[in-house]
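First the structure, in the form of structure tokens, and then the observations on it.
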Amino acid sequence: LSWAFGQGAGTRVIVNVGGIANLCLLAPGRDVIGFDTGTGNTLLDRWTRRCLDLPYDDGGRWSAGGRPDPDLLAACLSDPWFSLPPPKSTGRETFNEDWLDRRISEAGKVIDDVNVAATLIELTAATIVAAIDALDPGDYELIVYGGGARNATLMARLGTLAGRTPRTMADFGIDPDYVEAAAMAWLARCRVEHEQGNLPTVTAARQGAILGALYCGDP
Numbered sequence: 001l002s003w004a005f006g007q008g009a010g011t012r013v014i015v016n017v018g019g020i021a022n023l024c025l026l027a028p029g030r031d032v033i034g035f036d037t038g039t040g041n042t043l044l045d046r047w048t049r050r051c052l053d054l055p056y057d058d059g060g061r062w063s064a065g066g067r068p069d070p071d072l073l074a075a076c077l078s079d080p081w082f083s084l085p086p087p088k089s090t091g092r093e094t095f096n097e098d099w100l101d102r103r104i105s106e107a108g109k110v111i112d113d114v115n116v117a118a119t120l121i122e123l124t125a126a127t128i129v130a131a132i133d134a135l136d137p138g139d140y141e142l143i144v145y146g147g148g149a150r151n152a153t154l155m156a157r158l159g160t161l162a163g164r165t166p167r168t169m170a171d172f173g174i175d176p177d178y179v180e181a182a183a184m185a186w187l188a189r190c191r192v193e194h195e196q197g198n199l200p201t202v203t204a205a206r207q208g209a210i211l212g213a214l215y216c217g218d219p
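Numbering-wise (our numbering), the sequence shown opens with residue 1 and increments by one.
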């Protein structure tokens, strides 16, 4: 992302909203920073499957009909993971259905299914924007990719909380679903060309390194 989007541009925050959400800060004169921000689509997908027997909330249309519950949101945000300093990572081993059920129980009341869905949208958007604000990026361009870029309700909430209109990778000629595949191709190129493929400020590695290995078959 730094190679493709950090050249000759102002400050950009690029957010991947897959199952887990993560961001990359590209700012002139600053090290590249990247880390997970928390749940992306995974909790909403699981909740939609449980309540509607559908694989996901298409376009965010279901959750758009609900209202975030402040008690449930507070219970979700109380998870100590959100207070950890970056760089950090997480996954479904943390943010899963059991985690959500515990947070609903902690809220201490019955919450309509659609309002739980709306709360999960708010949780994803709020934790992304809080992570951005903590980096003090100044004025920046917000670019989103991954499945969350197709969730209009989430994108609208991100825009409201961030105070700017988010763009998607489609605006740059790249399908939002294919960004990670393109990144793998770029990493393969780095290996072939004997170029560094990691950023210690993102991975917390001790140093830069040439990643991967080449195994040539019989001619």
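We put the CB at the ideal spot given by N, CA and C, even for glycine.
**Asked** Is the stretch 53-68 in contact with the stretch 107-123, if contact means three or more CB pairs nearer than 8 Å?
**Response** yes
**Request:** Excluding the 5 residues preceding and the 5 following G159 in the sequence, name in chain order all residues of the same chain whose CB lies nearer than 7 Å to its CB.
**Result:** Working through the sequence shown from its first residue, we reach residue 159 at position 159. Only T165, P166 meet the Cβ criterion.
**Asked** Counting pairs of Cβ atoms below 8 Å between the stretch 131-146 and the stretch 9-18, do you hit three or more?
**Response** yes
**Pairwise C-alpha distance: V32 and W3** = Residue numbering aside, residue 3 sits at position 3 when the sequence shown is read from its first letter. Residue numbering aside, residue 32 sits at position 32 when the sequence shown is read from its first letter. In this prediction, W3 scores a pLDDT of 46, lower than 50, which makes its location untrustworthy; the coordinate-derived value is nonetheless stated afterwards. For W3 and V32, the distance between alpha carbons rounds to 11 Å.
**Asked** When we look at the beta-carbon of V110 and count the other beta-carbons within 10 Å, is it buried (16 or more) or exposed?
**Response** Residue mapping note: residue 110 aligns to position 110 of the sequence shown, counting from 1. Under this definition V110 is an exposed residue.
**Request:** Could you check if V192 is buried or exposed, using at least 16 other CB atoms within 10 Å of its CB as the buried criterion?
**Result:** For this step, residue 192 is matched to residue 192 along the sequence shown. Exposed: under 16 other Cβ atoms inside 10 Å.
**Request:** Please report how far the alpha carbon of R50 lies from the alpha carbon of D171, in whole angstroms.
**Result:** By one-based count along the sequence shown, residue 50 stands at place 50. By one-based count along the sequence shown, residue 171 stands at place 171. Spanning the two alpha carbons is a distance of roughly 34 Å.
**Message:** Give the list of continuous alpha helix (DSSP H) stretches no shorter than 4 residues that lie fully inside the stretch 138-190.
**Reply:** 152-162
**Nearest residue (CA-CA) to D88, options A131, H194, R102** = Counting from one through the sequence shown, the residue named residue 88 turns up at place 88. The question names Asp, but residue 88 is Lys in the sequence shown. Checking every option, the nearest Cα to that of K88 belongs to A131.
**Item:** Local conformation of N41 per DSSP, three classes
**Value:** One-based indexing of the sequence shown puts residue 41 at position 41. Looking at N41 - three-state DSSP - the assignment turns out to be coil, as it is neither helix nor strand.
**Asked** In or out: G34 buried (at least 16 other Cβ within 10 Å) or exposed?
**Response** In the sequence shown, counting from the first residue as 1, residue 34 sits at position 34. Under this definition G34 is a buried residue.
**Prompt:** What first and last residue would you give for the beta strand (DSSP E) that runs through I20?
**Reply:** As a first step, residue 20 is located in the sequence shown; it is residue number 20 there, counting from the start. 20-26 is the extent of the beta strand (DSSP E) around I20.
**Item:** Beta-carbon spacing of A214, C190 below 9 Å
**Value:** Residue mapping note: residue 214 aligns to position 214 of the sequence shown, counting from 1. Residue mapping note: residue 190 aligns to position 190 of the sequence shown, counting from 1. Residue 214 is actually Leu in this sequence, not Ala. In this structure, C190 does not lie closer than 9 Å to L214 by Cβ.
**Asked** Near T48, which residues of its chain fall below 8 Å by C-beta distance, leaving aside the five closest residues on each side in sequence?
**Response** Position 48 of the sequence shown holds residue 48. Excluding residues within five positions, the ones whose Cβ falls inside 8 Å are L54, P55, Y56, D57, W62, A117.
**Item:** Residue from Y140, L135, N96 with nearest C-alpha to G19
**Value:** The residue labelled residue 19 in the question sits at position 19 within the sequence shown. That would be N96, whose Cα lies nearest to the Cα of G19.
**Asked** Near R46, which residues of its chain fall below 6 Å by C-beta distance, leaving aside the five closest residues on each side in sequence?
**Response** Taking the sequence shown and counting its residues from 1, one reaches residue 46 at position 46. Cβ within range, chain order: E97.
**Item:** Among S83, L84, D79, R92, the one whose alpha carbon lies nearest that of R103
**Value:** Counted from its first residue, the sequence shown places residue 103 at position 103. Residue D79 is the option with its Cα nearest to R103.
**Message:** Taking 7 Å as the limit between beta carbons, can you name the residues of its chain near R92, skipping five residues before and five after?
**Reply:** Here residue 92 refers to the residue found at position 92 of the sequence shown. Around R92: G19, T42.
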